[in-house]
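Some notes on the structure that comes next.
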Ligand SMILES: Cc1ncc(COP(=O)(O)O)c(C=O)c1O
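In the working numbering, the protein residues as written are 114 to 527.
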């Protein structure tokens, strides 16, 4: 496992490039990504499945900045888009329409019309009603929509409740038991072509067994559909592989492949994978400057950062853990710090009681493992501007998204 952000005698570096130099030039807060980190994770997944026909559709929802989408495309990836906007980004990044799968609960009529008109590779229906709307729209457009049904297998992914998607209490997919009938009832529909089956049981999954069970039930369904005369092109296992936010050993892509491949081999259909976090998570860090320090008598000492839940929502949303490193660590004893953002919300906290070396105003800190579900979840709350994003590649760096300005925001308003 390649980890791009490493302390050096000259301070924290990303692929050997000084993080301080980037932050001084690009300003803060800034997301820094490692092209090498993304490429290494992509290749690890690709190699893990090398013995079996497979296609990796990088899940754009994890990070859809154009330069990152283009990098994945150049590595051989295809795309998983979760909205009309992500379909548009994928096309803009150079993915062919047939290389895009369109997933997601609650697609609007407009999004479906757009995806069908673009002839995307597969649209994953989340309900019988959506399937019928797809059929009607495709018929009206004189098209045949390539579709699959997302099933909800009621499998506990043992992950945070807010990112679990495969339980029957979650809003995603159709009940597994209904799937066969849904395909069977629509076999005569001339504006639909059934090309696959789909499952995605959640994100940040840290053990192989739920993923193996999902592969097993999807294979059983595909075998049953074959008995019914439905010839599929692929089975889509979704994404979900976790990453080691706390530095503890984590399921690898090879272990994932080892768990699911025996199930897939029972049918031999090509598999589609939709990894997001496992590709970009470790490859990004959010670098922020300390703007204030305050200490309460008998209470916590706070380092107030210039980044908060508007730049990185995961801690406020899921109570998630991120390692935080000083970019230029100072000599001295470690003590507990609350690292907080500047937003008017008490949940705007990156870490509580975190052991850190001495910190001072204007010091830089790096919030690690924020390449996935970081910049994409940012907001303009408190009228804060979206952070700049930087890519480190080939020993240098460049801005891949400039910092938003107040004029960018207000141009939309009367
Ligand atoms: C349908 C689908 N596919 C793929 C993903 C990517 O998941 P992850 O980033 O955990 O690999 C998600 C995210 O939840 C998803 O909803």
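Each residue gets a CB set at the ideal place from its N, CA and C atoms; glycine is no exception.
For the 8 Å CB-CB criterion, residue 498 and residue 483 do not form a contact. Nearest in C-alpha terms to residue 413, of all of 466, 152, 191, 363, is 466. The beta carbon of residue 224 is closer than 6 Å to those of 197 in its chain, skipping five residues each way along the sequence.
Annotation for residue 442: 470 place their beta carbon closer than 6 Å to its own, counting only its chain and skipping 5 residues before and after. Residue 145 places its beta carbon less than 8 Å from that of residue 398. Of the candidates 281, 258, 116, 281 places its Cα closest to the Cα of residue 264.
With contacts defined as CB atoms closer than 8 Å, residue 147 and residue 171 fail to qualify as a contacting pair. Around the beta carbon of residue 239, 16 or more other beta carbons lie within 10 angstroms, which makes this residue buried. Put simply, the stretch 125–145 does not touch the stretch 364–381. Fewer than three CB pairs are less than 8 Å apart. Pairing residue 418 with residue 404 gives a Cβ-Cβ distance under 8 Å. CA-to-CA, the gap between residue 193 and residue 173 works out to about 6 Å. The shortest C-alpha to C-alpha distance from residue 394 to any of 181, 129, 525 is the one to 181. With 16 or more other Cβ atoms inside 10 Å of its own Cβ, residue 177 counts as buried.
The three-state secondary structure of residue 174, taken from DSSP, is helix. With three or more CB-CB distances shorter than 8 Å, the stretch 422–438 counts as touching the stretch 473–480.
Sequence-distant Cβ neighbours of residue 131 in its own chain, meaning closer than 7 Å and more than five residues away, are 123, 124. Taking the Cα of residue 457 as reference, the smallest distance to any Cα among 325, 243, 421 is reached at 421. Here residue 124 carries a strand assignment [DSSP, helix/strand/coil]. Residues 277, 279, 314, 315, 318, 323, 353 of the same chain have their beta carbon placed closer than 7 Å to that of residue 270, with the five preceding and five following residues left out of the count.
Beyond the five residues adjoining it in sequence on each side, residue 510 comes within less than 7 Å, by CB distance, of 130, 135, 503, 504 in the same chain, given in chain order. Residue 390 has its CB nearer than 7 Å to a heavy atom of ligand 1. Closest option to residue 486, judged by alpha-carbon separation, among 356, 380, 522: 356. With a threshold of 16 other beta carbon atoms within 10 Å, residue 409 falls short and is exposed.
By the beta-carbon neighbour count (other beta carbons within 10 angstroms, threshold 16), residue 524 is exposed.
Note on geometry: alpha-carbon atoms of residue 260 and residue 474 lie some 54 Å from one another.
Classified as exposed, residue 336 has fewer than 16 neighbouring CB atoms from the shown chains inside 10 Å of its CB.
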